[in-house]
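Take a look at the structure set out below.
Protein chains: 2
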Amino acid sequence: MIESQLCQLVGIKYPIFQGGMAWIADANLAAAVSEGGGLGIIAAMNANAQWLRQEIRKIRTLTQKPFGVNVMLMSPFVEEVAQVVIEEKVPVVTTGAGNPSKYMKAWNQAGIRVIPVVPSVNMARLAERSGAAAVIAEGGESGGHIGELTTMALVPQVRDSVSIPVIAAGGIADGRGVAAAMMLGACGVQLGTRFLSATECGIHPNYKNKVITAKDLDTIVTGRRLGHPVRQLKNKFSRRYAKEEYNMAISDEELEAMGSGALRRAVVEGDEENGCFLAGQIAAMVHKEQPAAQIIEEIFDEAQAVLKEAGKWVK
Amino acid sequence: MIESQLCQLVGIKYPIFQGGMAWIADANLAAAVSEGGGLGIIAAMNANAQWLRQEIRKIRTLTQKPFGVNVMLMSPFVEEVAQVVIEEKVPVVTTGAGNPSKYMKAWNQAGIRVIPVVPSVNMARLAERSGAAAVIAEGGESGGHIGELTTMALVPQVRDSVSIPVIAAGGIADGRGVAAAMMLGACGVQLGTRFLSATECGIHPNYKNKVITAKDLDTIVTGRRLGHPVRQLKNKFSRRYAKEEYNMAISDEELEAMGSGALRRAVVEGDEENGCFLAGQIAAMVHKEQPAAQIIEEIFDEAQAVLKEAGKWVK
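Chains as they are written, first to last, in the numbering used here: chain V, 1357 to 1671; chain H, 1357 to 1671.
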């Protein structure tokens, strides 16, 4: 067993969160991760209160274990979603895409452990000051919306800047990544891409297949021109988007419109040409479909072995 | 002591290389690093045979310990430089910016340990096949010319793809970074940015000061439009360059010309407005000027402590 304060903090066996991936992280996937001893997380993404409430109630039929909801702060439904997590007594809330200060007091009063995803030292400090129970320091090698700093550079800097627990995310695929994160000062990890291959992950088979067959250089970052960089797998859609970013005949609005619906086309339709297949750089380290519980066990068996051996470097 | 095969391979006390930074890594800095127990490296950059020979002869007056030369494969003088390292019996050659296969045979015959910097699995495999003694897997959080993959994602993938030793570079500032690199499968590290603050590093005081005062988000990547991304500190020059990359009224040639001489302006003149101050994301973790030997000792004292404690995570 890996002994981490994160396990006590949120009541889990293994110090691992499953990332709150929009369109992907639903009650089924989250329940499988929680049942496997990690913290499963439902992504509220741009969904409304009704959808989220339904998923929360569904996960409670699938597991008795703790779970979380990821609140995307730029969602048009963020106000009602922020209320639902209180009403439904969600044990853990992670937040993305902004500063959750506005909701912290109400969430903390409701007994929710709030754990923001942060891309920088300042955001980590702000989270701590406003009452976060921990922070997830996410490096830009991860999939989806990304920050500038990488996990190697970000985690120790965040560790040195706050007193609350730090969870590392981005670029972690296996037990070696978990062990490395711990050396950098994290007390746990959040993984997204690896869980895309979980049997319980409901993405289109084409998506899963693209992840499983990806090579090291198969991701690309688009959206830098609009200031919202997003990491995804290379395909016709992402290559074209990347090219058009340097085409000034294309307005920012047209560029924005190009991305519209692309995630849905990937996740639901498996449209390999026109879909946006979000994935992190470690997609190349994901080799097969397996149950979420098995993924977690495999990762921590390896992490334990690697950490036990670490002392052997020292003579 | 940290026991690593890298120490035996190149005859050093601590498994650490100093990056071959153009305009920066000269005989003085390299000698200080080698004297401190690491591997100091002279950057051949775009210099000619005469300059390099002079630096090699100079380092031999400063230290008896092993050192290296970094051969920049895109240099106009690469042919003569490749010959000089043989004639001068340089013990270690690292290579950057390309595929060194062409020179490998002659270098290996001369008894040189060749250790290419690689940004991907394929380049690592190619290096091994053509006779490299090890590879340096460098993540894109590092300063200067960068690849796409980050250290967390790249190192384990390279480790799984080759049998020769893997050295991790990018995003490493202290002993925690060294320990993390080892968990990922590296047997040593290469650091550039941290050595910018070495007393023996001859960069302009303004450059050193910019590194020492940098914050986490103070680096920026320019050059993506031309396909040669370069990480540097934010200043008037780099912000303007980054902006002009999206200005299609500026031709690729004009953009290229904007960068000309900018590194010299930073290193030699300390021109804070118009210089290109290369640095990695961990600049924010560099807090003071100290002798290279002290930097190395501090890093490995910490690495040793962190690695010794690693087993305590496991119960």
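A virtual CB, placed ideally from N, CA and C, is assigned to each residue, including glycine.
- Between H:Gly1527 and H:Ser1498, the beta carbon gap of about 7 Å places them in contact (Cβ cut-off 8 Å).
- Setting aside the 5 residues that flank it on each side, H:Leu1385 is surrounded in the same chain by Gln1374, Gly1396, Phe1551, Ala1554, Glu1556, Cys1557, Gly1558, Ala1648, each with a C-beta closer than 8 Å to its C-beta; the list follows chain order.
- Taking each of H:Thr1450, H:Leu1589, H:Ala1405, H:His1501 in turn and checking the Cα distance to H:Val1522, the smallest one comes out for H:Thr1450.
- Any Cβ of chain H closer than 9 Å to the Cβ of V:Ala1529 would place that residue at the interface, and such an atom is present.
- Burial is judged here by how many other beta carbons sit within 10 angstroms of a residue's own beta carbon; V:Gln1513 has at least 16 and is buried.
- Linking V:Ile1380 to V:Gly1503 through their CA atoms gives a straight-line distance of about 21 Å.
- The beta-carbon distance between V:Ala1388 and V:Glu1411, rounded to whole angstroms, is 14 Å. This is too long to meet the 8 Å contact definition.
- In this structure, V:Val1474 and V:Ala1490 do not form a Cβ contact; the two beta carbons are roughly 10 Å apart against a cut-off of 8 Å.
- Here the C-alpha atom of H:Ala1659 lies approximately 11 Å from the C-alpha atom of H:Gly1544.
- Contact of H:Ser1476 with chain V by beta-carbon distance below 7 Å involves Asp1572, Leu1573.
- Any Cβ of chain V closer than 9 Å to the Cβ of H:Trp1669 would place that residue at the interface, and such an atom is present.
- Burial is judged here by how many other beta carbons sit within 10 angstroms of a residue's own beta carbon; V:Asn1478 has fewer than 16 and is exposed.
- With 16 or more other Cβ atoms inside 10 Å of its own Cβ, V:Gly1376 counts as buried.
- Residues of chain V with a Cβ closer than 9 Å to the Cβ of H:Arg1581 are, in chain order, Tyr1602.
- For the C-beta of H:Pro1647, not a single chain V residue is nearer than 9 Å; the gap to the nearest is close to 23 Å.
- Across the structure, H:Val1642 and V:Gly1626 are spaced so that their CA atoms are roughly 46 Å apart.
- Residues of chain V with a Cβ closer than 7 Å to the Cβ of H:Pro1456 do not exist; the shortest Cβ-Cβ separation is about 20 Å.
- A contact is defined here as three or more CB-CB pairs under 8 Å, and the stretch 1580-1596 of chain H fails this definition with respect to the stretch 1412-1419 of chain H.
- Taken in chain order, the members of the stretch 1495-1514 of chain V whose beta-carbon sits within less than 9 Å of a beta-carbon on chain H are Gly1495, Gly1496, Glu1497, Gly1503, Glu1504, Leu1505, Thr1506, Thr1507, Met1508, Ala1509, Leu1510, Val1511, Pro1512, Gln1513, Val1514.
- Taking a C-beta distance under 9 Å as the contact criterion, H:Arg1580 and H:Glu1600 do not qualify as a contact pair.
- For the options H:Leu1362, H:Leu1408, H:Lys1369, H:Lys1461, the alpha carbon positioned closest to that of H:Glu1436 is the one of H:Leu1408.
- V:Ala1536 and H:Leu1429 have their alpha carbons spaced roughly 32 Å apart.
- Taking the beta carbon of H:Lys1664 as reference, the chain V residues within 7 Å of it are Gly1667, Val1670, listed in sequence order.
- Between the C-alpha atoms of V:Gly1454 and V:Glu1612 there is a straight-line separation of about 19 Å.
- Across the stretch 1534-1552 of chain H, CB contacts with chain V closer than 7 Å involve Ala1535, Ala1536, Met1538, Met1539, Leu1540, Gly1541, in sequence order along the chain.
- Comparing alpha-carbon positions, the option among H:Met1538, H:Ile1398, H:Ser1486 lying closest to V:Trp1669 turns out to be H:Met1538.
- Neighbours of H:Glu1359 in chain V, taken as residues at a C-beta separation under 9 Å, are given in chain order as Lys1668, Trp1669, Val1670, Lys1671.
- The C-alpha of H:Thr1549 lies about 38 Å from the C-alpha of V:Lys1458.
- Put simply, the backbone Cα of H:Asp1516 is about 15 Å away from that of V:Val1662.
- DSSP places V:Glu1658 in the helix class (H, G or I) of the three-state scheme.
- The Cβ atoms of V:Val1440 and V:Pro1456 lie no closer than 9 Å to each other.
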